[in-house]
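*Asks:*
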Amino acid sequence: MAFSHGANDGQKGIGLVMLVLIGVAPAGFVVNMNASSYEITRTRDAINNVETYFEQRPDLLKAVTGVDQLIPSPEPGATEPTEFHCHPANTINALNRAKGMLANVESYDKLSVEQRSQLRRIMLCISDTTDKVVKLPGVSSDDQRLLKKLKTDMLSTIEYAPVWIIMAVALALGIGTMIGWRRVATTIGEKIGKKGMTYAQGMSAQMTAAVSIGLASYTGMPVSTTHVLSSSVAGTMVVDGGGLQRKTVTSILMAWVFTLPAAIILSGVLYWLSLKII
1109 MAFSHGANDG
1119 QKGIGLVMLV
1129 LIGVAPAGFV
1139 VNMNASSYEI
1149 TRTRDAINNV
1159 ETYFEQRPDL
1169 LKAVTGVDQL
1179 IPSPEPGATE
1189 PTEFHCHPAN
1199 TINALNRAKG
1209 MLANVESYDK
1219 LSVEQRSQLR
1229 RIMLCISDTT
1239 DKVVKLPGVS
1249 SDDQRLLKKL
1259 KTDMLSTIEY
1269 APVWIIMAVA
1279 LALGIGTMIG
1289 WRRVATTIGE
1299 KIGKKGMTYA
1309 QGMSAQMTAA
1319 VSIGLASYTG
1329 MPVSTTHVLS
1339 SSVAGTMVVD
1349 GGGLQRKTVT
1359 SILMAWVFTL
1369 PAAIILSGVL
1379 YWLSLKII
């Protein structure tokens, strides 16, 4: 239970910290500045293989874009536009731009900050197109595995987390649990049901929560570990016939109801303000 809970919350914490760092200090975190020449070569090879795959199967890109004519790459010597617009019809051009940026590059230090940011946008755009192609009904299982493998290799230096961030998040979760464990244990064990929790109920709730949270962590499903655990405990209380404390259950439900729309509205307002100010 502790491992599953920590893994799930750790993923959220690491993702949040990386988003903040990429937004605040893109020069150092928009790509993995510690990537080795081997990892960059792996990314470059994946781009080449994805391009070859799409060139050999243009019908798949057309099925995704819904147009017969894809946007071609610029002629040699022509000036490329500074802005990149992500669209499946622009995939071949995006692949060529990524190849050009990574040509003879053994360290991301050789790229400017703007080039690193643009490389990240291009790679994520290609990744989105690849995901759409994988979901097409005419793609074989072998091709699906190939594209997923190429996507993983392509994003290996883009979707990452430094070891020190992983350690910092793990340390924060550990210290927080050491400080606040008593309050959590009291709420979960004594304030959800009208009767105290038995050993059998505790084991059942822990096993259910551990499996559920573990599956969510493996599949990437955005679940609340607190709600999974509290719901597991509530289930054992209902079956036992002891009943639930309405006040605690109502507080848990209202917290979920208000948190979701509040977060949506707040993030939308902040994004709108940033578009107006910047």
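Quick note on the numbering used here: the sequence shown kicks off at 1109 and runs consecutively.
Every residue, glycine too, gets a C-beta built ideally from N, C-alpha and C.
As the structure is a computational prediction, the values presented were derived from the model and not from experiment.
Taking the alpha carbon of R1152 as the point to measure from, which residue in H1335, H1113, L1258, N1201 has its own alpha carbon closest?
*Replies:* Of the listed residues, the one whose Cα sits closest to R1152 is L1258.
*Asks:* Quick one, are the C-beta atoms of S1325 and A1110 less than 8 Å apart?
*Replies:* Taking 8 Å as the Cβ cut-off, S1325 and A1110 do not qualify as a contacting pair.
*Asks:* Are at least three pairs of beta-carbons, each pair with one atom in the segment 1299-1306 and one in the segment 1124-1137, less than 8 Å apart?
*Replies:* The segment 1299-1306 is not in contact with the segment 1124-1137.
*Asks:* Tell me whether L1244 sits in a helix, a strand or coil according to DSSP, three-state version.
*Replies:* DSSP places L1244 in coil when its eight states are reduced to three.
*Asks:* Looking at I1234: is its Cβ nearer than 8 Å to the Cβ of A1197?
*Replies:* Cβ distance not < 8 Å, so I1234 and A1197 don't count as in contact.
*Asks:* Report the CB separation of L1203 from I1148 in whole angstroms; it is logged as a contact under 8 Å.
*Replies:* About 16 Å separates the two Cβ atoms, so there is no contact after all.
*Asks:* Let me know the secondary structure DSSP gives L1219 once reduced to three states.
*Replies:* Looking at L1219 - three-state DSSP - the assignment turns out to be coil, as it is neither helix nor strand.
*Asks:* Mind the definition here: the segment 1366-1373 touches the segment 1306-1314 only if three or more C-beta pairs lie below 8 Å; say whether that holds.
*Replies:* The answer is no - the segment 1306-1314 does not touch the segment 1366-1373, with fewer than three Cβ pairs under 8 Å.
*Asks:* What would DSSP say about L1361, mapped onto helix, strand or coil?
*Replies:* Three-state result, L1361: helix.
*Asks:* With distances taken Cα to Cα, identify the nearest neighbour of T1160 among N1201, A1371, L1129.
*Replies:* Among N1201, A1371, L1129, the Cα nearest to that of T1160 is on N1201.
*Asks:* So, using beta-carbon positions, are M1315 and Y1216 closer together than 8 Å?
*Replies:* It is not a contact, given that the beta carbons lie outside the stated cut-off.
*Asks:* With a CB to CB cut of under 7 Å and the five nearest residues on each side skipped, what residues in its chain are close to A1269?
*Replies:* Hits under 7 Å: I1122, M1126.
*Asks:* Quick one: residues in its chain with C-beta nearer than 8 Å to the C-beta of A1280, no 5 flanking neighbours on either side, listed in chain order?
*Replies:* Correct list, in chain order: G1121.
*Asks:* Taking only three categories from DSSP, how would you classify L1263?
*Replies:* Coil.
*Asks:* For a minimum of 4 consecutive residues, which ranges assigned as the alpha helix (DSSP H) are wholly contained in the segment 1293-1351?
*Replies:* As far as the segment 1293-1351 is concerned, its whole alpha helix (DSSP H) runs of at least 4 residues are 1307-1327, 1333-1348.
*Asks:* Please name the residue, chosen from N1212, I1230, K1218, S1220, that lies closest to H1392 on a Cα-to-Cα basis.
*Replies:* Absent from the model: residue 1392. The displayed extent of the chain is 1109 to 1386, so no value can be given.
*Asks:* Under 8 Å by Cβ, that's how I've got E1214 and S1145 pegged, so tell me the actual separation to the nearest angstrom.
*Replies:* Between S1145 and E1214 the Cβ distance is about 4 Å, and since that is below 8 Å, they are a contact.
*Asks:* Locate the alpha helix (DSSP H) running through L1214, then write down its first and last residues.
*Replies:* According to the sequence as given, residue 1214 is Glu; it is not Leu. From DSSP, E1214 is part of no alpha helix (DSSP H); its letter is neither H nor E.
*Asks:* Can you have a look at D1117 and say buried or exposed, based on whether 16 or more other CB atoms are within 10 angstroms of its CB?
*Replies:* So D1117 ends up on the buried side.
*Asks:* Which value, in whole angstroms, describes the spacing of the CA atoms of T1333 and L1323?
*Replies:* For T1333 and L1323, the distance between alpha carbons rounds to 12 Å.
*Asks:* Rounded to whole angstroms, what is the Cα-Cα separation between L1361 and D1239?
*Replies:* For L1361 and D1239, the distance between alpha carbons rounds to 35 Å.
*Asks:* Look up H1193 in the DSSP assignment and say whether it is helix, strand or coil.
*Replies:* Here H1193 sits in coil by DSSP.
*Asks:* With distances taken between CB atoms, is the gap from V1341 to S1320 smaller than 8 Å?
*Replies:* No, the pair does not count as a contact, with Cβ atoms beyond the cut-off.
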